[in-house]
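Working notes for the structure below.
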Amino acid sequence: MFAAAAAMADAPMVAESDPQAAALGYKADSSKVDNGKFPKHAADQHCGNCALFQGKASDASGGCPLFAGKSVSAKGWCSAYNKKA
Ligand code: SF4
Numbered sequence: 041m042f043a044a045a046a047a048m049a050d051a052p053m054v055a056e057s058d059p060q061a062a063a064l065g066y067k068a069d070s071s072k073v074d075n076g077k078f079p080k081h082a083a084d085q086h087c088g089n090c091a092l093f094q095g096k097a098s099d100a101s102g103g104c105p106l107f108a109g110k111s112v113s114a115k116g117w118c119s120a121y122n123k124k125a
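In this text, residue positions in the sequence shown follow the numbering used here: the first is 41, and each later residue adds one.
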């Protein structure tokens, strides 16, 4: 089993129930975000096109400095979203 090495390269996904995720309103699926609660959320916003996303545009998940040691879904979203320039 080489799962440990794989886990190092690919950090575990952040859970929506994680306290930091809950505080930021993170959803693994941007389309599930409550627009009533987060009026600035738009359908075309997701981690994959957020300035803070550390993965490549083609990656399904990647790091985010707001969730140290975890990965966020490229399709996810949180209230700290900042459009990539
Ligand atoms: Fe996703 Fe950006 Fe929020 Fe990080 S800051 S979780 S990349 S939307």
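Cβ coordinates follow ideal geometry from the N, Cα and C atoms, glycine included.
Going by alpha carbons, who is nearest to Val73 out of Cys118, Ser113 and Cys87?
Position 33 of the sequence shown holds residue 73. Checking every option, the nearest Cα to that of Val73 belongs to Cys118.
Contact test: Gly116 Cβ vs ligand 1 heavy atom, cutoff 7 Å:
Position 76 of the sequence shown, counted from the first residue, corresponds to residue 116. Gly116: yes, Cβ under 7 Å from ligand 1.
Less than 8 Å between the beta carbons of Gly95 and Ser101, yes or no?
Indexing the sequence shown from 1 puts residue 95 at position 55. Indexing the sequence shown from 1 puts residue 101 at position 61. A contact, by the Cβ cut-off of 8 Å.
Ligand 1 heavy atoms versus the CB of Phe93: any closer than 7 Å?
Within the sequence shown, residue 93 is the residue found at index 53, counting from 1. Set against 7 Å, the gap from the CB of Phe93 to the closest heavy atom of ligand 1 is smaller.
What are the start and end residues of the alpha helix (DSSP H) that includes Leu64?
Residue numbering aside, residue 64 sits at position 24 when the sequence shown is read from its first letter. Taken as a continuous stretch (DSSP letters only), the alpha helix (DSSP H) holding Leu64 covers Pro59 to Leu64.
Is Ser98 helix, strand or coil by DSSP?
For the purposes of this step, residue 98 is identified with residue 58 of the sequence shown, where counting begins at 1. It is coil, neither helix nor strand.
Less than 7 Å separating the Cβ of Ala51 from some heavy atom of ligand 1?
Your numbering for residue 51 matches position 11 in the sequence shown. No - ligand 1 has no heavy atom lying nearer than 7 Å to the Cβ of Ala51.
How is Val112 classed by DSSP in three states: helix, strand or coil?
What you label residue 112 is simply residue 72 of the sequence shown in a count that begins at 1. Here Val112 sits in strand by DSSP.
Using 8 Å as the threshold, is the C-beta distance between Ser57 and Gly116 below it?
To locate residue 57, count along the sequence shown from 1; it is residue 17. To locate residue 116, count along the sequence shown from 1; it is residue 76. Gly116 is positioned such that its CB atom lies no closer than 8 Å to that of Ser57.
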